[in-house]
Structure formats: structure tokens, C-alpha cells
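Accompanying notes for the structure given below.
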Amino acid sequence: MKKRVLNVVGARPNFMKMAPLMWAYREYPEEFEPVLIHTGQHYDANMSDAFFEQLGLPEPDVYLGIGSGSHGEQTGRMLIELEKVMQRDRPDLVVVVGDVNSTLAGALAAAKLCIPVAHVEAGLRSFDPTMPEEINRKLTDAISEYLFITSEDARENLVREGVAAEKIYFVGNVMIDTLMRMKDLAARLDVRSKLGLDGEFGFVTLHRPSNVDERETLAGILQALRTIQEELPLVFAVHPRTRARMEQFGFWQEVSDLPRLKVTEPLAYLDSLCLMQHARLVLTDSGGVQEETTALGVPCLTLRKNTERPVTVTEGTNTLVGTDPDRIVEAAREVIRSRGKRGRVPKLWDGKAAQRIVEVLRQK
Ligand code: UD1
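When we follow our numbering, the leftmost residue of the sequence shown carries the number 1, and every step to the right adds one.
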């Protein structure tokens, strides 16, 4: 009998993690009946539709249209709707990826209905309880049956929290599966000329509530960007949350007017991957971008005090620089001078993680 596997996505970083799983199920049409649910946590064309198109993801079988809201509202509405779908479809397994509110809602709805949950990208910990994703990670892992990890440090975190060792599978990184499949195609796109770039540049993304929701922190980071762009032109792809705060705090106009900093809408997957590959330096607070730059060997400065992805620092090209403007500028200058950390690609980040996951699921 075919296994009916319900796969939940909702926010931008989920889409490139789910795509390789959807490709991998297709190899076994007699064994799997995959169903794709999109909660609608992200709904803008350039936060969602563009990713489906570029990644060749099938249209979702179910679209819940949940949209934005406070954490409780958003997660609660997802839980109500996901439960209805799961009661109706009675899947054999629910697969969730990453650490967004849609991840937790999918896992919780399933666990309460006694449907086994597979968590892809389990065990990451920033040890920062103020980070909404940290709560999502811990709770999702606590109720999952299959915990697929991207690096060995995740195993230690899970075992410490009492997860049985036999539930943990080290399979590599599904997001890097997508990157490896798409990077050559992305590299050839003419994104740079469209943005008027004709030499070296740095690429910036910023969206963590802890960085953008407080006026002073955001002002300091923007001040650092202003200084860096005098030495290296920057492209800043602005997340909707960040744009809203910049407008609210009165920073938007001034930043848009900077001569060597180009602000853009959030970029589609391939465009972003193109810029990342060609960048001299990436400045970010995203989890995914820390991993992508490590896989690409591009120096990354992470504007956070901690990371749930320590392997990108110990083995990869990532450096944690926090949010102090002087420290950010100093670190950027160092990379511009020296070309930054070299790093190596972590174990099993080889483009085959989804195949390994599907292999595990086939045996169950
Ligand atoms: C969410 C994830 C975060 C992930 C990020 C990537 C959680 C807790 N956070 O944060 O882990 O790194 O996605 O983007 O799940 N908005 C739009 N259009 C959209 C989506 C959002 O305008 O398509 C605006 C809304 O004003 C919304 C705000 O962005 O209130 C924040 O969106 P939300 O989904 O709550 O969280 P993100 O900050 O995107």
C-alpha cells in the first residue's frame, strides 16, 4: 500500500527545503502518495509564488491562506485548519521542515492526531529563548518520530533533551540539495547587470525581529551599511518586515538614497543564489544564508550573537559579528582586505540529503 505523506510548507525558507523531497518521492510513485499543503504564512508573490515557479514545486494540493498575525493568532489559525485537513486525509506521515510557525503548527496538529511526524532539519539550537524559531525547534523535535539532522552537533542537542538515539538520522542538508541542483543555472542569470553592478559587491539580507524591530539596533546596523558601501557597493534585498520597520522609524528614504547601496524587493530564489555566488561578502541574519554561503565558499558575516548552525562557523565561511556597528564595519573591512575565511563544505552537504530521507521512510 502507498504511504500517504502530507508535507507542510508555509514560509519562504521552507520552499527550498521541501523541493528536493518532492523530487525524491517522485522516484517511487508506487510507494508514496505525497500531498503538499501551503499554510499561506508567506503570501506575497516574491515571498512565495516565485519560489514555487523557480523550484518546480507542484501547485499545493491544499492552500490555507492563513497570512500574517501575532504568533498565537497565526499558529492557532494554522493548527485549526491543518487539523481539519489531517482528519479528512488521514495521512500515514506528516513531514515538516525548518523552524517557522508553520513547522510547529504542522507537527502539533499531527502529533495530537497520533500521526507520526518527520522533522527535517531537527536539533538545531541557538540557545536563545527569545528567538521565536528556537521555541518552534524545541517543541517540534519533542513530538517528532523521525528527526533528520544536518550536522552532528544537532544529535548532541537532541540526546541532551532526551530524544531516543534511534529516532535521529544524520542525512545532510536538503537546502544544499536544492542549491547544488540550481547553482550553475543561477550563476548565469543577468541579475547583476539588471541591478547596475559592474564590479565587486556585497549582498545584504536582514529580517530577524531582534535586529529590525528595535529602532536603535536597526539604526546601528544601517549605519554600518552606510560606511561599508563607501568601500564596497552593496545590494540589500529588503524583507517586508524590515521595510515596514524602516518606514516606521523614518530610515527608508535615507537608505534608498545612498549612492552605492542598492535596495531591492525580496529576491526570488535563483536571483538571490546568483548574487550570493558572485558576492565578495555577504552580510545577513538569516539561518539559511549562513548555510548557503558556507556551501558556496563565500565569506559571510552574521549579524547575530549566536547561531543555531555552528558548523558554518567551525567548518564554513561564517563569522558571528553581532550588531555593534564598529564591529560589523571592522569585520567587513577585514574580508575586503583578506578575502575572508576559506572554510570547507560540511559532511554530507552533498546534494543527496532528500534521497537519504526518502530511503529511511521507505524502510518504515
Ligand atoms: C518568518 C519566520 C522566520 C523566517 C522568515 C523568512 C517564524 C516565527 N518566522 O519570519 O523564521 O526566517 O519567515 O522570511 O515563522 N509579510 C508580508 N508578506 C508576506 C509575509 C510577511 O508582507 O508574504 C510581512 C507581514 O507584515 C508580516 C511580517 O512580514 O507581519 C512578518 O511575517 P511572519 O511570517 O510573521 O514572519 P517573518 O518575519 O517573515
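Glycine included, every Cβ here is placed at the ideal spot set by N, Cα and C.
Collapsed DSSP secondary structure at residue i in the structure displayed
i, result
"Gly-76", "helix"
"Ser-171", "It is worth fixing the name first, because residue 171 is Val in this sequence and not Ser. Three-state DSSP puts Val-171 in coil, outside helix and strand."
"Lys-3", "strand"
"Thr-302", "strand"
"Phe-127", "coil"
"Val-97", "strand"
"Val-163", "coil"
"Pro-116", "coil"
"Phe-203", "strand"
"Ile-37", "strand"
"Thr-264", "strand"
"Phe-249", "coil"
"Ala-237", "strand"
"Ile-149", "strand"
"Tyr-43", "coil"
"Val-311", "helix"
"Leu-320", "strand"
"Leu-296", "helix"
"Val-282", "strand"
"Tyr-28", "coil"
"Val-8", "strand"
"Val-85", "helix"
"Val-255", "helix"
Status (buried if at least 16 other CB within 10 Å, exposed otherwise) for residue i
i, result
"Ser-102", "buried"
"Lys-2", "exposed"
"Phe-51", "buried"
"Thr-75", "buried"
"Arg-309", "buried"
"Val-100", "buried"
"Cys-114", "exposed"
"Lys-183", "buried"
"Leu-185", "exposed"
"Asp-44", "exposed"
"Ser-70", "exposed"
"Gln-367", "Lying outside 1 to 364, the shown extent of the chain, residue 367 is not represented and no answer is given."
"Ile-80", "exposed"
"Lys-341", "buried"
"Val-94", "buried"
"Thr-294", "buried"
"Ser-126", "buried"
Heavy atom of the ligand UD1 within 8 Å of residue i beta-carbon
i, result
"Asn-136", "yes"
"Gln-253", "no"
"Pro-13", "yes"
"Arg-241", "yes"
"Tyr-43", "yes"
"Val-282", "no"
"Met-47", "yes"
"Glu-133", "yes"
"Pro-209", "yes"
"Gly-106", "no"
"His-71", "yes"
"Gln-74", "yes"
"Ser-68", "yes"
"Gly-65", "no"
"Ala-244", "yes"
"Ser-272", "no"
"Gly-287", "yes"
Own chain residues within Cβ distance below 8 Å of residue i, not counting five before or after
i, result
"Pro-233", "Leu-197, Gly-199, Glu-200, Phe-201, Gly-202, Arg-260, Leu-261, Lys-262"
"Phe-15", "Val-9, Ser-48, Phe-51, Phe-52, Leu-55, Leu-57, Tyr-269"
"Arg-192", "Asp-198, Phe-201, Cys-274, Leu-275, His-278"
Nearest candidate by alpha-carbon position, reference residue i, set the options
i, options, result
"Gln-229", "Ser-210, Phe-249, Ile-221, Leu-258", "Leu-258"
"Met-78", "Arg-243, Pro-346, Val-62", "Val-62"
"Val-345", "Leu-361, Arg-215, Val-313", "Val-313"
"Ala-109", "Met-86, Pro-325, Gly-98, Val-120", "Met-86"
"Lys-138", "Ser-68, Leu-6, Arg-215, Glu-161", "Glu-161"
"Ala-105", "Ala-11, Ile-176, Tyr-25, Pro-60", "Ala-11"
"His-38", "Asp-271, Val-96, Leu-361", "Val-96"
"Leu-195", "Glu-33, Ser-272, Arg-90, Leu-93", "Ser-272"
"Thr-227", "Met-246, Val-255, Ala-295, Gly-250", "Val-255"
"Phe-249", "Val-212, His-239, Ala-237", "Val-212"
"Lys-17", "Gln-355, Glu-315, Ile-221", "Gln-355"
"Val-204", "Phe-251, Thr-217, Pro-266", "Pro-266"
"Leu-365", "Glu-214, Leu-206, Ser-210", "Given a span of 1 to 364 for the chain in the structure shown, any question on residue 365 remains unanswerable."
"Asp-89", "Gly-65, Glu-33, Ala-107", "Glu-33"
Proximal residues to residue i (C-beta, below 6 Å), its chain only, five neighbours per side dropped
i, result
"Ala-19", "Leu-55, Leu-57, Thr-178"
"Asn-173", "Thr-150, Trp-349, Ala-353"
"Glu-83", "Ala-109"
Beta-carbon proximity list for residue i, same chain, < 7 Å, skipping 5 on both sides
i, result
"Ala-165", "Val-159"
"Val-321", "Leu-301, Thr-302, Leu-303, Arg-327, Ile-328, Ala-331"
"Ala-111", "Val-117, Ile-143"
"Gly-67", "Gly-40, Tyr-43"
"Val-163", "Asp-141, Leu-147"
Cβ-heavy atom distance, residue i to the ligand SAM, below 8 Å
i, result
"Val-100", "Among the ligands modelled here, namely the ligand UD1, the ligand SAM does not occur."
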